[in-house]
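Reading through the structure tokens given below for one structure.
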Amino acid sequence: MGSVLYEAPRGGGGGGHRCCSCPGRTVCHSPSLSLALRFNFVAKKLYRRLRQLGGAALLPVCLGDDQHELGPDAAIDPWLHDLWEKVLGLHPVPVGLGVIPPGVPLPSKFALQFLQEAPETCSGVQHGVRTEPQSPPSERQPFLARMVTNRRVTGPSHFQDVRLIEFDITGSGINFAAGDVVLILPQNAASHVQQFCQALGLDPNQCFTLRPREPDVSCPERLPQPCSVRHLVSQYLDIASVPRRSFFELLACLSPHELERDKLLELSSAAGQEELSEYCSRPRRTALEVLCDFPHTAAAIPPDYLLDLIPQIRPRAFSIASSLLAHPSRLQILVAVVQYQTRLKEPRRGLCSSWLASLDPEQGDRDSGGGQGLGLGPSIFQVCSRQSWAKTLVLQDSSCHFHPATGPVQVPLWARSGGLTFPQTPDTPVIMVGPGTGVAPFRAAVQERVAQGRTENFLFFGCRQRDQDFYWEAEWKELEERGCLRLVTAFSRDQERKVYVQHRLRELGPLVWELLDHRGASFYLAGNAKYMPADVSEALTSIFQEEGGLSAPEAAAYLASLQRTLRFQTETWA
Numbered sequence: 001m002g003s004v005l006y007e008a009p010r011g012g013g014g015g016g017h018r019c020c021s022c023p024g025r026t027v028c029h030s031p032s033l034s035l036a037l038r039f040n041f042v043a044k045k046l047y048r049r050l051r052q053l054g055g056a057a058l059l060p061v062c063l064g065d066d067q068h069e070l071g072p073d074a075a076i077d078p079w080l081h082d083l084w085e086k087v088l089g090l091h092p093v094p095v096g097l098g099v100i101p102p103g104v105p106l107p108s109k110f111a112l113q114f115l116q117e118a119p120e121t122c123s124g125v126q127h128g129v130r131t132e133p134q135s136p137p138s139e140r141q142p143f144l145a146r147m148v149t150n151r152r153v154t155g156p157s158h159f160q161d162v163r164l165i166e167f168d169i170t171g172s173g174i175n176f177a178a179g180d181v182v183l184i185l186p187q188n189a190a191s192h193v194q195q196f197c198q199a200l201g202l203d204p205n206q207c208f209t210l211r212p213r214e215p216d217v218s219c220p221e222r223l224p225q226p227c228s229v230r231h232l233v234s235q236y237l238d239i240a241s242v243p244r245r246s247f248f249e250l251l252a253c254l255s256p257h258e259l260e261r262d263k264l265l266e267l268s269s270a271a272g273q274e275e276l277s278e279y280c281s282r283p284r285r286t287a288l289e290v291l292c293d294f295p296h297t298a299a300a301i302p303p304d305y306l307l308d309l310i311p312q313i314r315p316r317a318f319s320i321a322s323s324l325l326a327h328p329s330r331l332q333i334l335v336a337v338v339q340y341q342t343r344l345k346e347p348r349r350g351l352c353s354s355w356l357a358s359l360d361p362e363q364g365d366r367d368s369g370g371g372q373g374l375g376l377g378p379s380i381f382q383v384c385s386r387q388s389w390a391k392t393l394v395l396q397d398s399s400c401h402f403h404p405a406t407g408p409v410q411v412p413l414w415a416r417s418g419g420l421t422f423p424q425t426p427d428t429p430v431i432m433v434g435p436g437t438g439v440a441p442f443r444a445a446v447q448e449r450v451a452q453g454r455t456e457n458f459l460f461f462g463c464r465q466r467d468q469d470f471y472w473e474a475e476w477k478e479l480e481e482r483g484c485l486r487l488v489t490a491f492s493r494d495q496e497r498k499v500y501v502q503h504r505l506r507e508l509g510p511l512v513w514e515l516l517d518h519r520g521a522s523f524y525l526a527g528n529a530k531y532m533p534a535d536v537s538e539a540l541t542s543i544f545q546e547e548g549g550l551s552a553p554e555a556a557a558y559l560a561s562l563q564r565t566l567r568f569q570t571e572t573w574a
């Protein structure tokens, strides 16, 4: 993250967002780019441009480094201190106003007004039924899709639980193509919701309404009015997220307990960032666990500050693993359930993947709770008609009680365009490299292309063991027999020497070069971003040199030209 503070030239042109407290000056922050050759590229470019426009720097440019042991704050904290000294020197605080002292929290963004009536009276709130034309599902109004199947597709002895999950999207208006993604809104575990409410002394069945403190602030669209505490905590607040420094800063301001407040101040200080990383970031300690470690502070948190303190649950994106041409009114995803161990006793679990894995469509939505701490309790996603998202939640939650139900398991979701686009010309071959769950978007592509009569499909798939995590083996073999697919596999643990997809690419270098250089093929790569993309790119440049007779710079330029013309596309994740 880079920061630049400039004074605009007098009477000069040049635009910029003017800081309301600093007339004629512009404060700019740019995202950190931690690659060595592009370190703070945006901030440096902006710095040079502002100088070209005649700007005079009030302070030297600040270049934050997220790879620093203390993070970007190591540079930003002292820079901000100097900034405020400079700003207050140029523009003193008006008479009658003072600088807000440290330790005093700003007013909360919202006020929670708890309803005094008995919870049962909340059900008397009237809600109309939507009459306007249905719009495509979105985050504002997801579609409640019925879960049809939830099946583990890895062997019982495999280290990771991977699920093939299918949803019924009949009547949703959702349309997608190969390469698109589906976004899913998860919910917190019921046990975690109960633990959070106990720590903060909240009644999960109590209802409240939200009121913004500022006239230009609107209430979150995902929260119904009125809303129960249980719904707020289970559906909106991301209590399973790893809190940031600002979380500890606000907690310190709200804490009435001297010892806990001192510790929170230490963790939120510039000097305490290494300790904060050791306590929170490295072991992936959650906001809920932090609150349990500071019980006196947690019990004293005013409910008004809940939405300032804890971020909202964000949707999770999954590559769609099926085609509507092969499976009409169905949407399938391949989900690797995230679970790993840190030095903390309780395993770390991915919020969305663990929630999805806990849902059982065969038993219905009576109680999704289960083993391994993944219990979620009865779900609110039980409405069969596609009504307004917020209104649906109110209808489910308006009584402020949590009634078990035996309806179908339903999950809020919507689709959007992904990062992969496949050629429309029928005779263009496609080379797809998808190790592990990275094969998901390519299954959708193969299904779609085969349904369209396009048979020039080349898939490189890699996994650990053929009998443990070879996803869709029977389907690939059937397509091979029909002449619709050529499958190349790499099972890294089935022999003494580890074999990966990049090794198979090198072995078939003549074919890869022929497809790319002579037949205009498009190349696609999906999977884990740690090592695989670089290894595959290296294998390709090696093929270009060996089979195409290119020099190293020419091979790099050839690969760059493929990327520039979208004949080499990637979709990777950490």
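Position 400 of the sequence shown, counted from 1, bears residue number 400 in UniProt numbering, the numbering being contiguous throughout. Backbone N, C-alpha and C fix where the C-beta goes; we use that ideal spot for every residue, glycine too. Since we're looking at a predicted model, the values are computed, not measured.
Alpha-carbon to alpha-carbon, residue j and residue i
i	j	result
F523	L515	9 Å
Y531	P212	46 Å
F208	P283	35 Å
D180	F422	11 Å
C400	D216	Bear in mind that a pLDDT of 41 at C400, under 50, signals an unreliable position, so the model cannot answer this.
Q447	L479	10 Å
T392	E278	At T392 the pLDDT is 42, less than 50, meaning the model places this residue with poor confidence; the figure from the coordinates comes in the next sentence. Straight-line Cα distance between these residues: approximately 42 Å.
A555	V335	36 Å
C227	L202	14 Å
G55	W84	19 Å
T455	E571	23 Å
K411	L356	The sequence shown places Val at residue 411, rather than the Lys named in the question. If I take the Cα positions, the gap works out to 9 Å.
C280	F294	13 Å
C219	P137	20 Å
Sub-7 Å separation of residue i and residue j beta-carbons
i	j	result
L413	A145	yes
L485	N528	no
A321	A440	yes
Q187	Q235	yes
P256	V290	no
L112	F196	no
G155	Q468	yes
A539	I431	no
I174	A415	yes
L420	Q569	yes
I165	I313	no
A451	A326	yes
H296	E260	yes
L185	P315	yes
L251	L264	yes
A526	G418	no
D82	L59	yes
V501	P435	yes
F331	F143	Residue identity differs from the one stated: residue 331 is Leu in this sequence, not Phe. Their beta carbons are not under 7 Å apart, which means L331 does not touch F143 by this criterion.
Residues bridged to residue i (per DSSP)
i	result
P435	DSSP, once it has assigned bridges, lists no residue as partnering P435.
G527	T572
G509	Answer by DSSP bridge pairing: none, since G509 is not bridged.
R284	Its beta-bridge partners do not exist; DSSP assigns none.
V42	DSSP, once it has assigned bridges, lists no residue as partnering V42.
A317	L183
P212	F110
Neighbourhood of residue i by C-beta, 7 Å cutoff - its chain only, sequence neighbours within 5 removed
i	result
H68	A74
R230	V193, P204, N205, F402
D517	G548
P311	D238, S241
Anticipated Cβ contact below 8 Å, residue i with residue j, distance rounded
i	j	result
F460	V433	4 Å
L200	A43	Actually they are not in contact, since the Cβ atoms of L200 and A43 sit about 40 Å apart, beyond 8 Å.
D308	K109	6 Å
A317	L183	5 Å
C253	P105	4 Å
K329	I169	Here residue 329 turns out to be Ser, not Lys, going by the sequence shown. Yes, S329 and I169 are in contact; Cβ-Cβ is about 6 Å, under 8 Å.
Contacting residues, own chain, Cβ-Cβ under 6 Å from residue i (five flanking each side not counted)
i	result
Q339	P347, R349
residue 586	In this structure the chain extends from 1 to 574, so residue 586 is not present and cannot be described.
Q341	P347
W513	I543, E547, G548
residue 578	Given that the chain is displayed from residue 1 to residue 574, the structure contains no residue 578 and the question cannot be resolved.
Same chain, Cβ closer than 8 Å to residue i, neighbours up to 5 away in sequence not counted
i	result
F491	G462, C463, R464, Q465, R466, F470, V499
P361	R146, M147, V148, T149, N150, P408, V409
A552	T541, Q545
G13	Summary for G13: the model assigns pLDDT 38, below 50, so the residue's position carries little reliability; its value from the coordinates is reported in the next sentence. So the list reads L53, once near-sequence residues are dropped.
L276	R245, F248, L267, S268
T286	I239, A240, S241, V242, P243
A300	L254, S255, P256, H257
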